[in-house]
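Enquirer: Pasting in a structure now, in structure tokens, and then I'll have a few things to ask.
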């Protein structure tokens, strides 16, 4: 039976994909790849420095985790190394094609 994905709400597709990634261990493998990747380590250090700079600028007493997130999240996403993003996307696509090939 072929699933007509265009008729399935995005939230359901996402939940199904996340469930398959977890149950097959692929999510863990991707997290491990990210943990071990030197480019990601450098990116994390840049984000830590952004947090330190914000705390020094605004003062620790005037910030909450939510305010820090609001100030840094968009910039942090933009600074994710393209090579890392591309490799994770390729890993996801390859894995999902093998898992859902009967439904595509």
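Numbering (UniProt numbering), first residue to last: 1 to 104. Where is the CB? At the ideal position from N, CA and C, for every residue including glycine. Everything numeric in this text was worked out from a predicted model, so none of it was measured.
1. Need the endpoints of the alpha helix (DSSP H) that residue 22 sits in, please.
2. Compute the beta-carbon to beta-carbon distance between residue 54 and residue 71, rounded to the nearest angstrom, for a pair I have assumed lies under 8 Å.
3. Looking at residue 95 and residue 26, is the spacing between their C-beta atoms short of 7 Å?
4. Quick check: residue 30 and residue 51, are their CB atoms within less than 7 Å of each other?
5. Give the straight-line distance between the Cα atoms of residue 101 and residue 35, rounded to the nearest whole angstrom.
6. Please report the Cβ distance between residue 79 and residue 46, rounded to the nearest whole angstrom; I am assuming they are in contact, meaning their Cβ atoms lie under 8 Å.
7. What are the boundary residues of the alpha helix (DSSP H) that residue 68 is part of?
8. For residue 44, which of 77, 97, 98 has the nearest alpha-carbon?
9. To the nearest angstrom, how far is it from the Cα of residue 21 to the Cα of residue 13?
Expert: To lay it out plainly:
1. Counting along the chain, the alpha helix (DSSP H) containing residue 22 begins and ends at 10–23.
2. Rounded to the nearest angstrom, the Cβ distance from residue 54 to residue 71 is 6 Å, consistent with a contact under 8 Å.
3. Yes, these two residues count as a Cβ contact at 7 Å.
4. Result no, Cβ atoms of residue 30 and residue 51 do not sit closer than 7 Å.
5. Whole-angstrom Cα-Cα distance: 29 Å.
6. With a Cβ gap of about 6 Å, residue 79 and residue 46 count as contacting.
7. DSSP places residue 68 inside the alpha helix (DSSP H), whose first and last residues are 65–78.
8. Among 77, 97, 98, the Cα nearest to that of residue 44 belongs to 77.
9. For residue 21 and residue 13, the distance between alpha carbons rounds to 12 Å.
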